[in-house]
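Worksheet: the structure to be examined is printed underneath.
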Amino acid sequence: DLQRQLAQRVQEDARASEQRADEHREESEQHGAVIRSMKMAIAQERNEAELKAAGFEAERAILLEELKCERGQSARLQAEQAQLRRVGQQLDIATGNLESEQTRHGAAQEQLLEVKLLNSNIQQQLRSEQQGHHD
4 DLQRQLAQRV QEDARASEQR ADEHREESEQ HGAVIRSMKM AIAQERNEAE
54 LKAAGFEAER AILLEELKCE RGQSARLQAE QAQLRRVGQQ LDIATGNLES
104 EQTRHGAAQE QLLEVKLLNS NIQQQLRSEQ QGHHD
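Written out as structure tokens, the structure is:
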């Protein structure tokens, strides 16, 4: 009778051990699935981050090109303004010459008015371009 009880306990212990082993196996498989899922999520996030970084880099390159173009336009505008200032100075000189001539020759008065108007228009254009550049 004692042997039978001992054999029965051994069988119960074996079944319990098997059951615990099955439970541990299931838990291990679940943990493995969770880990694989997390690894996939991390890989996906990394891919998305790399794509986003590539997009930012492309946008940065485009903005740098736009900045270069704007700098070139600014340099051209400054050169045009300098040229307009030179023309304005030349017109000032011409206006001064015509004014001195006017004192000697009354007939030059009409030409002087035309030069003054032209000078005024150029200076106004220069001022408006300078204001446009500062804006």
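Be aware that the sequence shown starts at 4, since it is given in our numbering, and climbs by one per residue. Even glycine gets a Cβ: it sits at the ideal position worked out from N, Cα and C. As the structure is a computational prediction, the values presented were derived from the model and not from experiment.
Taking the straight line between their C-alpha atoms, what separation do you get for residue i and residue j?
i	j	result
E1	I65	The requested residue 1 does not occur in the structure, where the chain is confined to residues 4 to 138.
Q134	A78	15 Å
L80	E113	33 Å
A36	E48	18 Å
R28	H34	10 Å
Quick check on DSSP: helix, strand or coil for residue i?
i	result
D16	helix
S4	Residue identity check: residue 4 is Asp in the sequence provided, not Ser. Correct three-state label for D4: coil.
H108	coil
Give the single residue among the options whose Cα lies nearest to the Cα of residue i.
i	options	result
N124	E60, G91 and Q133	G91
E132	Q84, S103, L116 and I96	Q84
request  = Jot down the residue ranges of each uninterrupted beta strand (DSSP E) in the region 31 to 70, minimum 3 residues, whole runs only, in chain order.
outcome  = Listed in chain order, nothing qualifies, since the region 31 to 70 has no complete beta strand (DSSP E) run of 3 or more residues.
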